[in-house]
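First comes the structure, then the notes that go with it.
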Amino acid sequence: MSSVLVLSHERLGRAMTGPSIRNWQLAAALSKHFRVTLAVPGQPQREHPGFQIRSSDDEALAGLVADHDVVLCSGFLLDLHPVLRQARHLAIDLYGPFTLESLHQHEDKPLQQRFRMANDERAVVLRLLAAGDVFLCASERQRDFWTGWLGAAGRLNPYVHSWDPSLRSLLREVPFGVEEEPPRPGPPRFRGVKPGIAADDFIVLWYSGIWNWFDPLTLIRAADRVRERLPKLRLVFATPVSPSEAVIQGGMVWRARRLAEDLGLLESVVFFGDTFIDYEERGSVLLEADLCANLYFDDVETRYSFRTRLLDLFWAGRPILTTRGDVLSDLVAAEGAGVAVRSEDLDGVAAALLELGGDPARLRECGLRSAEIGKRFRWSLVTEPLIDYCRAPFTAPDRALMRKSQTSPAAWRLARRTVFLLREEGPAGVFRGALRRFRRRRRLR
């Protein structure tokens, strides 16, 4: 039996963000076929009957890598743990294009600093693409995005093309998924419990973090516009802040709260949760909603995203109000699971709230169609391309050549620093930098 090591960059607690949920569910799906270990930073706070959970601290990681046939990782993990390059077979999960998200996460920093950070992240991605034997993306649209990156990284070469002309072995579509069984109702968290929200109110639930590339502001303004015609409207931002230490909290949370306060809606029409919801409780919270909303800006990040939380809405069979532009909102619109509006379309959002809020039969029909979409994304189905690889893992035909051509991260950083000093301070600056490094090394001996 093959063995698979799945690595997560986030601590494993009761509440989990999208990447943690994905790693957890991939490990669970794989464990039905293979011996699986999920490795996480620090000490895990969860257990699973189907797979082991271990710490990814450096002392233990080398042994874990050596003990598994396939290693699955993502993001910055390869740079943080160079031992992963020693994996017999290395799978790279690219479902979240983090370089696009980062364009928004650091908006408070000077442009020159952001430019350097973007270059650093680009280099991280290129090293990921040079190291992997197989890659995972979330959709056909993402396949096009990552095919371009693979070309830039040198992976569209004669060795790969003669072996895999379509790239469907090298780059496999493994989207985010949903659980096999639908959620069950539980004790209410908001409806009839939270002050200001009655049992018969029309609850519009924003079930997601509020990132800088999301648009809660148009939704709040639309709620203000329609509140007299929909007096029972209650807009609930259930989980505005992420539990992950690795996530940079942006200013959009505070802008949304300030706007609601300025419009006189806070704690009367608009409500903000104060804690992240435990993973096992999310289903019952979703079932409290009459309508779920997630809006975004017209942005390149939106086009290539694969919204984790929309999958949960399909799983729970919720009617959806969202923004056009990504592949899942296209499904919402095409299959009648709700309404997809243009970005920052205040009139469109207000009209959708009035339309859906006044038509219970339409809401029920949207919910049924949403649930039908969810059935296509069961974890047991979407993980099949990854399971197929783990059954017969291969080494990419150009892997040895690509790794030989890769400069080590330390050497790359030194080269980048040398170029910066040469440009900013001239040859004398390069000499001073070399002298400082020499003195540091002597002190460390």
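In this text, residue positions in the sequence shown follow my numbering: the first is 104, and each later residue adds one.
All C-beta atoms, glycine included, are put in the ideal place defined by N, C-alpha and C.
Proximity winner among the options, relative to residue i (alpha-carbon distances)
i	options	result
Trp127	Leu175, Arg445 and Gln216	Leu175
His112	Asp161, Glu370 and Ser269	Asp161
Asp377	Glu458, Phe317, Phe293 and Leu398	Phe293
Ile313	Gly280, Glu282 and Leu398	Leu398
Ala419	Cys395, Ala436 and Glu404	Cys395
Ala233	Thr250, Arg217 and Ala221	Thr250
Leu183	Leu484, Glu150 and Val143	Val143
Leu484	Glu283, Asp267, Asp401 and Arg337	Glu283
Leu366	Thr486, Ala326 and Val168	Ala326
Asp196	Gln208, Val237 and Val227	Val237
Arg361	Leu320, Asp393 and Pro334	Leu320
Pro288	Asp318, Glu383 and Asp304	Glu383
Trp252	Tyr262, Ser446, Val228 and Ala301	Val228
Gln146	Ser158, Gly153, Thr140 and Pro152	Ser158
Trp309	Glu331, Gly295 and Ala359	Ala359
Gly153	Glu331, Ala132, Lys212 and Gly199	Ala132
Val403	Asp429, Leu416, Glu438 and Leu193	Asp429
Val107	Thr120, Ala194, Ser446 and Gly121	Ala194
Arg385	Thr405, Leu416, Gln215 and Phe374	Leu416
Gly84	Leu434, Arg479, Thr140 and Leu180	Residue 84 lies beyond the range of the chain shown here (104 to 548); nothing can be said about it.
Thr498	Val263, Val435 and Phe379	Val263
Bounding residues of the alpha helix (DSSP H) (the contiguous stretch that carries residue i)
i	result
Arg472	Pro463 to Lys478
Gly280	Careful: Gly280 lies outside any alpha helix (DSSP H) and carries neither H nor E.
Leu259	Here Leu259 belongs to no alpha helix (DSSP H), and DSSP marks it neither H nor E.
Ala499	Segment: none, Ala499 is in no alpha helix (DSSP H) and carries neither H nor E.
Val296	Premise fails: Val296 is in no alpha helix (DSSP H) and is neither H nor E.
Val485	Trp482 to Val485
Ala131	Gly121 to Leu133
Ala443	Unbroken run through Ala443 is the beta strand (DSSP E), Gly441 to Val444; no alpha helix (DSSP H).
Arg358	Met355 to Asp365
Leu206	Phe201 to Gln208
Ser432	Val430 to Ala437
Arg149	Taken as a continuous stretch (DSSP letters only), Arg149 belongs to no alpha helix (DSSP H), as it is neither H nor E.
Asp182	Leu180 to Leu183
Helix, strand or coil at residue i [DSSP, three-state]
i	result
Val372	coil
Arg330	coil
Val452	helix
Phe305	strand
Leu270	coil
Leu115	coil
Ala325	helix
Val109	strand
Val228	helix
Val403	helix
Val490	Note that residue 490 is Ile in the sequence shown, not Val. In this structure, Ile490 counts as helix in the three-state DSSP scheme.
Ser265	helix
Phe379	coil
Arg595	Nothing about residue 595 can be reported from this structure: the residues present for the chain run from 104 to 548 only.
Phe409	coil
Phe154	coil
Pro287	Position check: residue 287 holds Arg in this sequence, whereas Pro was assumed. DSSP places Arg287 in coil when its eight states are reduced to three.
Arg337	strand
Met104	coil
Asp161	helix
Phe534	Confidence in Phe534 is poor, its pLDDT being 49 and thus under 50, which makes the residue's placement too unreliable to answer from.
N-terminal and C-terminal residue of the beta strand (DSSP E) that residue i is part of
i	result
Val174	Val173 to Ser177
His192	His192 to Asp196
Ile423	Ile423 to Thr426
Asn397	Leu394 to Asn397
Thr140	Arg138 to Val143
Val237	Val237 to Cys240
Expected contact under 8 Å - CB spacing of residue i and residue j to nearest Å
i	j	result
Gly257	Met505	7 Å
Gly560	Leu424	Nothing can be reported for residue 560: it is not among the residues displayed for the chain, which extend from 104 to 548.
Ser387	Pro298	That belief does not hold up - the Cβ atoms of Ser387 and Pro298 are roughly 20 Å apart, past 8 Å.
Arg410	Leu431	5 Å
Arg191	Asp170	With a Cβ gap of about 10 Å, Arg191 and Asp170 do not count as contacting.
Val339	Ile306	6 Å
Arg188	Gln148	Contact flag wrong, Cβ pair sits at about 29 Å.
Pro496	Trp266	About 15 Å; that fails the 8 Å criterion.
Leu115	Ser123	7 Å
Task: the region 443-461 / the region 473-486 touching (three or more Cβ pairs under 8 Å) - done: With contact defined as three or more Cβ pairs closer than 8 Å, the region 443-461 and the region 473-486 are not in contact.
Open item on the list: Check whether the region 265-282 and the region 230-247 are in contact - that is, three or more C-beta pairs closer than 8 Å.
Closed with: yes
Task: the region 474-493 / the region 133-147 touching (three or more Cβ pairs under 8 Å) - done: Enough Cβ pairs lie closer than 8 Å, so yes.
Open item on the list: Using a Cβ distance threshold of 8 Å, determine whether the region 367-386 contacts the region 198-215, with at least three qualifying pairs required.
Closed with: no
Task: the region 260-274 touching the region 211-224, judged by at least three CB pairs closer than 8 Å - done: Touching, no, given that fewer than three Cβ pairs across the two stretches are closer than 8 Å.
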